[in-house]
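Engineer:
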Amino acid sequence: MDITLLLTTFSLIALAEFGDKTQLAVIALSARYDRVKVFTGVILAFALVTGLGVLVGDVLFTFIPPYVIRILAGLLFLAFGILMLSSKESCEIEKATLLGNPLLSTFSMIALAEMGDKTQISAITLVAKYNSPHLVFAGALLALGLISLIGIFLGKKLCEVVPLSKIKLGAGALFILFGIMFLAGY
441 MDITLLLTTF
451 SLIALAEFGD
461 KTQLAVIALS
471 ARYDRVKVFT
481 GVILAFALVT
491 GLGVLVGDVL
501 FTFIPPYVIR
511 ILAGLLFLAF
521 GILMLSSKES
531 CEIEKATLLG
541 NPLLSTFSMI
551 ALAEMGDKTQ
561 ISAITLVAKY
571 NSPHLVFAGA
581 LLALGLISLI
591 GIFLGKKLCE
601 VVPLSKIKLG
611 AGALFILFGI
621 MFLAGY
């Protein structure tokens, strides 16, 4: 088995995702919620989105128009931003979120944000070019998992150093900005 495609996919996806809106969302979520639940939600969302990209490719957009996904993601990011700005919670593990569960909230936000994102399109392209869905899926999921772990640890450390009010203000504004960008088509 040639692992060149696995390493190529890993490198491409890791570089594309580093500092991306999803990693910033993971940092913000992990500053407020249980890291295990955030990581589980992120990995499940990435597995779903990458799996869809690998298996279905551009057929996905035949059934779900990109603008619908973009609108749903934009509204979800806006809702998270507004809730984050209005909450009075501490950096301790949170008990309530938008959907009543940090894992489900993380999963839904990341899955919607990643639909049609550059990492999903990269996976679709790599599968189409090399016809090796298993290696592309494995490389992409490993890269996305590693980048998310980095974000989760940054989020937890951030909460230890920066006052919660500043984290909430920055994260809430960031989520609202991403929501507006999604709705505007960026």
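In this text, residue positions in the sequence shown follow my numbering: the first is 441, and each later residue adds one. Glycine included, each C-beta is placed from N, C-alpha and C at the ideal position.
Using only CA atoms, which one of L455, Q463, T449, F458 lies nearest to A551?
Structural biologist: Ranking L455, Q463, T449, F458 by Cα distance to A551 puts Q463 first.
Engineer: Quick one: grab the DSSP three-state call for S526.
Structural biologist: Residue state, collapsed to three classes: helix.
Engineer: State yes or no: is the C-beta of L446 within less than 8 Å of the C-beta of Y570?
Structural biologist: Cβ distance not < 8 Å, so L446 and Y570 don't count as in contact.
Engineer: Would you mind sorting K608 into buried or exposed? The rule is 16 or more other CB atoms within 10 Å of its CB.
Structural biologist: Per the 10 Å Cβ criterion, buried.
Engineer: Using the C-alpha atoms, what's the distance from I453 back to S562?
Structural biologist: If you take the alpha carbons of S562 and I453, they lie about 7 Å apart.
Engineer: Taking only three categories from DSSP, how would you classify E532?
Structural biologist: At E532, the pLDDT of 46 sits below 50, so the modelled position is not reliable; the number obtained from the coordinates is stated separately. In the structure shown, E532 sits in coil (DSSP, three-state: anything other than H, G, I, E or B).
Engineer: May I ask you to verify whether the region 463 to 480 touches the region 585 to 597, counting CB pairs closer than 8 Å and requiring at least 3?
Structural biologist: Yes, they touch.
Engineer: Mind the definition here: the region 572 to 590 touches the region 505 to 519 only if three or more C-beta pairs lie below 8 Å; say whether that holds.
Structural biologist: Contact fails: fewer than three Cβ-Cβ distances are below 8 Å.
Engineer: Using beta-carbon positions only, say whether V494 and S588 come within less than 8 Å of one another.
Structural biologist: No.
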